[in-house]
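Novice:
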Amino acid sequence: KFPIGYGYVNTKPFKIKDKTYILAKYENKNDIHIEPKLMLFDLYSNKFKEKKLQKNTERLNFAFLNYNKSFADIRIIDESKKMIYKISPDLTLTDPIKTFEGYHSNVTCTIDIDRDNNKELLFLSNDLEKILITRNDFSFPVIISIPNNHQGIKAITIKKRGPNLPPLLAIQFSRVLYLFSYTKNPLYFFKYLIYLGIFIFTYLLIYLLQKINSVKLEKEKQQLELEIRKRTLDISEKNKHLKEFKKEITLSIDYAKYIQDSIFPKQESLIEIFKESFLIFLPRDIVSGDFYWWTKVDNSIYLSVSDCTGHGVPGAFMSILGITYLQQTIMIEDVKKPALILNNLRQKIIRALKQTGEPNEQYDGMDMILLQIDQKTNTVYFSGAHNSIYVVTENDFFAYNLSLKNSHQVRVEKKGKIFFIEIKGDRMPVAIYKKMDDFSEVRIKVKKGDTIYSFTDGYYDQFGGTYGKKIKLAPIKTMLINNYYDSMTYQKQSLLDYLQYWKENHHLKTKQFDQIDDITILGIKF
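So for the sequence shown, the numbering used here puts the first residue at 209; every next one is plus one.
Next up, the structure:
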């Protein structure tokens with residue numbers, strides 16, 4: 209019983225799983241507004257729930273369509289707007305799921321025309337000339353044309369004809385009754401078989417194409433695997449040969465190193481001559497294009513640090529050639545002065561390498577320094593080919609009275625009490641060259657505590673640091689000045705540590721720079 213003040217009430221009884229429910233829509237008409245509500249009443253438990261409709265239904269006429277008899281599919285039709293809504297179990301009205309534009313609002317009914325326990329929907333068109341009959345899922349609509357000159361439909365009923373005959377749809381006009389028979393179109397059901405056949409055919413076609421493609425891919429995969437195994441076997445064989453070849457070459461180079469080491473003077477002998485001295489010798493490869501050499505003849509000690517063209521095996525051949533010719537010139541031919549020795553050595557290299565000075569000829573040879581040290585007079589005679597020597601001393605440079613070929617041959621810097629003196633060699637190699645002047649010679653009267661250094665270019669050309677650049681001379685100069693009062697052993701370790709630091713300390717932070725050239729450094733303190 210609805211309270212007084214409620215307006216139009218529309219109800220619909222239905223069953224779900226042997227339980228009966230009543231679905232009602234009612235409107236509260238008060239002085240302010242119309243408030244539509246839905247109510248679901250359970251006749252079995254006498255419980256009900258209601259909910260206000262949020263949509264603007266106002267005084268709309270609703271018909272309830274609950275043909276599927278399920279809470280999940282309760283539907284109502286708004287006959288004025290020709291729209292069908294779905295109601296969720298919590299009585300929430302969804303958006304329209306179907307519209308029937310062009311059909312009359314007040315003549316809508318549900319009749320089970322074909323007796324399949326599912327009611328069809330009937331709609332009368334606005335022009336009163338057609339009736340739309342559709343299944344309850346809105347599929348496969350049928351339109352029946354109404355004869356003209358009738359004033360309207362009086363009744364729509366179902367007429368039974370017998371147990372084996374389909375019923376008739378009876379539409380009663382004012383004075384005429386029309387009967388419409390219901391028949392099943394065999395093609396209507398056959399089309400589902402066609403759809404099924406198309407689906408099966410498409411599925412089988414896709415499956416067959418995938419199978420063919422899979423078989424093709426499997427064959428290609430097997431062929432590729434076979435080719436990969438074949439290539440891998442070939443590569444393995446080649447690697448095996450390469451390893452054997454590399455092993456043979458390495459053994460040959462190791463033996464070349466043995467020969468080269470046997471020609472070099474033993475490093476321990478340098479300590480016997482100069483107690484305060486060091487040698488850093490770091491070949492880039494197994495054998496080196498740099499070489500060091502010293503010997504004692506009468507009262508003179510000869511020392512050389514040389515950088516031959518190239519490194520590795522080609523440089524090693526040049527180093528053997530250089531040491532051999534140095535020994536021959538000094539010890540056999542009895543040439544004593546460094547400048548004359550370099551002139552003589554240059555001629556021997558030119559003859560040995562058959563150098564002619566042609567424009568496209570490569571100038572293979574040596575950049576080197578050669579020192580003659582007279583132990584009685586503490587006098588050093590220096591000649592250089594492209595390379596310089598560095599003198600670090602706390603004695604006044606101007607007291608040395610150097611015998612210079614020109615003023616550009618020397619560069620002096622002072623830091624505190626320490627002088628750093630660079631004495632440059634001639635700007636030509638020990639080889640054929642566009643300039644073939646005689647080598648010059650510088651005489652230096654050394655004093656106690658003076659230190660002489662010679663570098664090949666491998667040290668200050670090494671890449672590294674924060675920006676991947678060369679070391680250059682500036683940090684070496686600072687290091688030699690700062691370490692002047694330290695032992696030669698400490699100075700040697702400082703140079704090695706700085707080289708390692710320079711190779712590692714760079715912006716990539718992933719690996720250290722590789723050594724780019726042979727490195728040789730000789731240091732002696734008087």
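Yeah, the Cβ is synthetic: ideal placement off N, Cα and C, and Gly gets one too.
1) Whose C-alpha, out of Gly624, Tyr589, Gly666, is nearest the C-alpha of His519?
2) Buried or exposed for Met574, please, with buried defined as at least 16 other CB atoms from any protein chain shown within 10 angstroms of its CB.
3) Quick check on this structure: which residue in His616, Asn595, Asp582 has the alpha carbon closest to the alpha carbon of Ser168?
4) Out of Ile724, Leu730, Ile366, which has the shortest C-alpha to C-alpha gap to Met576?
5) Report yes if the C-beta distance between Leu490 and Tyr500 is below 8 Å; otherwise report no.
6) Label Met526 either buried or exposed according to how many other C-beta atoms from any shown protein chain fall within 10 Å of its C-beta, with 16 as the threshold for buried.
7) Straight-line CA distance for Tyr466 to Leu703?
8) Classify Gly673: buried if its beta carbon has 16 or more other beta carbons within 10 angstroms, exposed otherwise.
9) Going residue by residue through the region 690-733, where are the continuous alpha helix (DSSP H) segments of at least 4 residues, counting only ones entirely within it?
10) Note down the Cα distance separating Gly676 from Gln720, rounded to an integer number of angstroms.
11) How long is the line joining the alpha carbons of Glu426 and Leu413, rounded to whole angstroms?
12) Look up Thr180 in the DSSP assignment and say whether it is helix, strand or coil.
13) So which of Ile420, Gly530, Arg437 has the shortest CA-CA distance to Phe188?
14) State the Cα-Cα distance for the pair Thr391 and Asp320, rounded to the nearest angstrom.
15) Would you tell me roughly how many angstroms separate the C-alpha atoms of Phe388 and Leu376, rounded to the nearest one?
16) By how many angstroms is the C-alpha of Asp298 removed from the C-alpha of Tyr252?
17) With a floor of 4 residues, list each alpha helix (DSSP H) that falls wholly inside the region 493-525, ordered by position along the chain.
18) Along the alpha helix (DSSP H) that carries Arg559, what are the first and last residues, could you check?
19) Does the Cβ-Cβ distance between Gln708 and Arg492 come in under 8 Å?
20) So, is Ile351 buried or exposed, given that buried needs 16 or more other C-beta atoms within 10 angstroms?
21) Please check the pair Lys157 and Asn603, which I expect to be a contact at CB under 8 Å, by giving their CB distance rounded to whole angstroms.
22) What span of residues does the beta strand (DSSP E) with Ile156 cover, start to end?
23) Could you give the first and the last residue of the continuous alpha helix (DSSP H) run that contains Ser477?
24) Using only the alpha-carbon positions, how far apart do Asn586 and Gln580 sit?
25) Skipping 5 residues on each side, what residues in its chain have a beta carbon closer than 7 Å to that of Ala464?
26) What's the gap between the Cα of Ser422 and the Cα of Leu301?
27) Can you grab the Cα-Cα spacing for the pair Thr532 / Ile540, in whole Å?
Specialist: Let's see:
1) Gly666
2) Buried, by the Cβ-count rule.
3) Given a span of 209 to 734 for the chain in the structure shown, any question on residue 168 remains unanswerable.
4) Leu730
5) no
6) It counts as buried.
7) 27 Å
8) buried
9) Within the region 690-733, the complete alpha helix (DSSP H) runs of at least 4 residues are 696-712.
10) 10 Å
11) Note on geometry: alpha-carbon atoms of Glu426 and Leu413 lie some 19 Å from one another.
12) Given that the chain is displayed from residue 209 to residue 734, the structure contains no residue 180 and the question cannot be resolved.
13) The question about residue 188 has no answer here: the residues shown for the chain are numbered 209 through 734.
14) 14 Å
15) Within the model, the alpha-carbon separation for Phe388 versus Leu376 is close to 5 Å.
16) 19 Å
17) none
18) 546-560
19) no
20) Its Cβ having fewer than 16 others within 10 Å, Ile351 is exposed.
21) Residue 157 cannot be examined here, being either before or after the span of the chain that is shown, 209 to 734.
22) No information on residue 156 is available, as it lies outside the stretch 209 to 734 that the chain covers here.
23) 476-481
24) 10 Å
25) Val495, Val521, Ala524
26) One alpha carbon belongs to Ser422, the other to Leu301, and they sit about 51 Å apart.
27) 11 Å
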